[in-house]
Structures are given as structure tokens and as C-alpha cells.
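**Q** FYI, my numbering numbers position 244 of the sequence shown as 245, with every residue one higher than the one before it.
Beta carbons: idealized from backbone N, C-alpha and C, even for Gly.
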Amino acid sequence: MQLSRLRELYGGQRELQKAALWNLWLAAKWGRSARAVDRVWAALGGRRLGNPGGGPPERPVNAYMAEHVEFLESFDGVFAQEAGGGADRNSIEVLRASWQLQSWRLAAARALVEEVPRDSAVLEPLAGDGALGYQLVEEGFAKYVGYGPDVELASRVVPGAGWHKALSACDLRTSADMVLLVDKAAWFVDVVKELRCLGRALKPGGLLLVAEPDPALAPAYAAALLLMGALHVLPREQLYKFLRAAGFVQMGRDVEAVPYVLSAWRKPARPELSPSDRWME
């Protein structure tokens, strides 16, 4: 899988660096009074990443990165409200709806599945309003299943897909060739348990394709996710520990493309036996 292709779509290293500087600058700006930003720094071991200082950094010109920065800037008013005693939930819901349709998110999903056979059965956790599901079906994946606590709108957006009203993959009775995680892990109530249940839904040798934000690369984005309802801040190292604990094996190297780190994981075709269980072989 050419995960590095997303870096090219995002404009290359210079544009990615601009987006990273904007994340730092906005996190520093909001952090004067934002509890969400404090949680990001705490998840990074209490270290506050370097602040560019001064005025706003140079704006990206790449369409994806420019949209990402503009999306983050739209949180200025919400963080100001939070500092004054509480953010308006209606404003946050509008931002969350907009977030699901952001082109840089959809581009990350396309980059992950670019070389996956279109006859693969795909499972998407916490499918939201169905934006990624719609894109996957448009990309040619006829076997798509999404789940979440409320799939009514998503089922209207993609009426031909398989939808399950469920809080967890542990409640599903389905099998898939591929699981797609784009901005999902931070919303799982119990991350390791959910990953294990997703692993049970995967066929032996199945793929888990990941585009999750790294707060060290994108602290403002991580804070915005918390404001929209995410439960966790997951540094890359922590997420990878959870993935390994759930039984997944990483394929190749990961790729940084602000705000994401992209990686590919596989469910082993044959489960590993502990030394005490070797007698079963």
C-alpha cells in the first residue's frame, strides 16, 4: 500500500510543516484557558511542544492543508465560549457535522484503501453520518458494514449498505476482510477491548487500516476532537501498544501526514500459542 501517497496529496513536507506549525500555534492560543488543551499536554507526558510564538504562521496553499487549518480556526469561538463557562453544544454539533465531510479526512480514507481489492468486505466502526461509508461504496466496495449508536442518518445516506445500531463491535455477528479506522480510536470507550472485538470480526489474515491523529503532530486537532466528544488523547506509542495487545501485527512502516499517522496492521492468519500451549500443536 502506498500510504506515502497521502503526503503528496497534502502538498509534501513543506505544506505538512505549515499545518503542524498551525496546530502548535492554535494549541498555544487556546491553551491559556482550555481544559481540552491541558489534556493533550498531559497525554504527552506534561511536555508542552514548542510554540512558534508571534503572529500566525504561514498559511498552507495546498487545498487539503488549507481546509484543515480553516477547520481548526473555526474552533476559536467555541474555545472562547468554553473559557467563559461552557461551549455551546449546537455550535459543536455543527462543527462535528462539518468535520465528517472535510476533504482531508476523506482523502486519508482513499489513500488507505487505494490498493485494497474492491470485492473485500469492509467494516467501519462508529460510522457517524455515513460520509466515509458513502465514499467507500462510491469507490466500488459493495460489501460495506458500519455500526454506531445511531445509524438512522447514515442508513439514508448509504441505503444499500449494512448498518448495525450497536455501541461496540463486541455486539456484532459479522465478518470482514478489512477494518477501517479513520479518527476512531479516541472515541472507543475501552480501546483495547474494542480493538479485540474488531479483530474477532476480521477474517484470519484480514487488514486493519489506520489513519489516527497523533497529538504530538497535531495538538490543536486532538483538542478539537475532545471538544467534539472524543474520550481519549492517544499518542502514537500508546495506540500501537493497544493494537499489539489486541493481537494485530504491523505491516511495514507508518507514514506521517499531519494530522494523521497512517499505518497498516494484519490479523495473523494463525493465532500465536503461548509456550504453555505448545502441547496443542
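Below 7 Å between beta carbons: does that hold for Ala28 and Ala221?
**A** yes
**Q** Starting from the C-beta of Asp278, find all residues in its chain whose C-beta is less than 7 Å away, skip the five residues before and the five after it, and write them out in chain order.
**A** No answer about Asp278 holds up, because its pLDDT of 43 lies below 50 and its placement is not dependable.
**Q** Please state the DSSP three-state secondary structure of Val62.
**A** coil
**Q** Using a 10 Å radius around the Cβ and a threshold of 16 neighbouring Cβ atoms, would you call Pro260 buried or exposed?
**A** Counting the other Cβ atoms within 10 Å of the Cβ of Pro260 gives 16 or more, which makes it buried.
**Q** With distances taken Cα to Cα, identify the nearest neighbour of Tyr241 among Gly55, Arg254, Leu10 and Arg111.
**A** Across the set Gly55, Arg254, Leu10 and Arg111, the C-alpha of Arg254 shows the shortest separation from the C-alpha of Tyr241.
**Q** I need the DSSP call for Ser264, collapsed to helix, strand or coil.
**A** strand
**Q** Who does Trp164 pair with in a DSSP beta bridge?
**A** Gly147
**Q** Within 10 angstroms of the Cβ of Arg60, are there 16 or more other Cβ atoms? Answer buried if so, exposed if not.
**A** Note on Arg60: under 16 other CB atoms within 10 angstroms of its CB, so exposed under the neighbour-count rule.
**Q** Please return the same chain residues whose Cβ sits closer than 8 Å to the Cβ of Gly12, not counting the five positions on each side in sequence.
**A** Pro61, Val62, Asn63, Tyr65 and Met66
**Q** What separation, rounded to the nearest whole angstrom, lies between the Cα atoms of Gln103 and His69?
**A** 8 Å
**Q** Residues bridged to Glu257 by DSSP?
**A** Val262
**Q** Just reading off the alpha helix (DSSP H) that Ala219 is part of, what are its end residues?
**A** From DSSP, Ala219 is part of no alpha helix (DSSP H); its letter is neither H nor E.
**Q** To the nearest angstrom, how far is the alpha carbon of Pro150 from that of Ile93?
**A** 18 Å
**Q** Assuming contact is defined by CB atoms lying nearer than 7 Å, are Leu199 and Ala170 in contact in what I supplied?
**A** Yes, the pair counts as a contact, with Cβ atoms nearer than the cut-off.
**Q** For the candidate residues Ser5, Val211, Ala231 and Leu17, whose alpha-carbon lies nearest to that of Leu124?
**A** Val211
**Q** Relative to the C-alpha of Asp202, which residue among Gly248, Ala219 and Pro214 is closest?
**A** According to the sequence displayed, residue 202 carries Ala and not Asp. Out of Gly248, Ala219 and Pro214, Gly248 has the C-alpha closest to the C-alpha of Ala202.
**Q** Rounded to the nearest angstrom, how far is the Cβ of Arg119 from that of Gly141, given a contact under 8 Å?
**A** 4 Å
**Q** Going by DSSP, name the residue or residues bridged to Val70.
**A** Answer is none; Val70 lacks a bridge partner.
**Q** What residue does the beta strand (DSSP E) around Glu238 start on, and which one ends it?
**A** No beta strand (DSSP E) holds Glu238; the alpha helix (DSSP H) holding it covers Arg237 to Ala246.
**Q** Have a look at Leu45, Arg106 and Gln82 and flag the residue whose alpha-carbon is nearest the alpha-carbon of Leu10.
**A** Arg106
**Q** Quick one: what's got a C-beta closer than 6 Å to Val152's C-beta in the same chain, skipping five residues either side?
**A** Correct list, in chain order: Trp164 and Lys166.
**Q** Flag this pair as yes or no: are the beta carbons of Phe80 and Trp31 separated by less than 7 Å?
**A** yes
**Q** Check this for me: beta carbons of Ala109 and Leu7, under 7 Å apart or not?
**A** The answer is yes: Cβ separation under 7 Å.
**Q** Please report the distance separating the alpha-carbon of Glu257 from that of Ala219.
**A** 11 Å
**Q** Below 8 Å on the Cβ atoms is my guess for Ala37 versus Leu227; work out the distance and round it to an integer in Å.
**A** 4 Å
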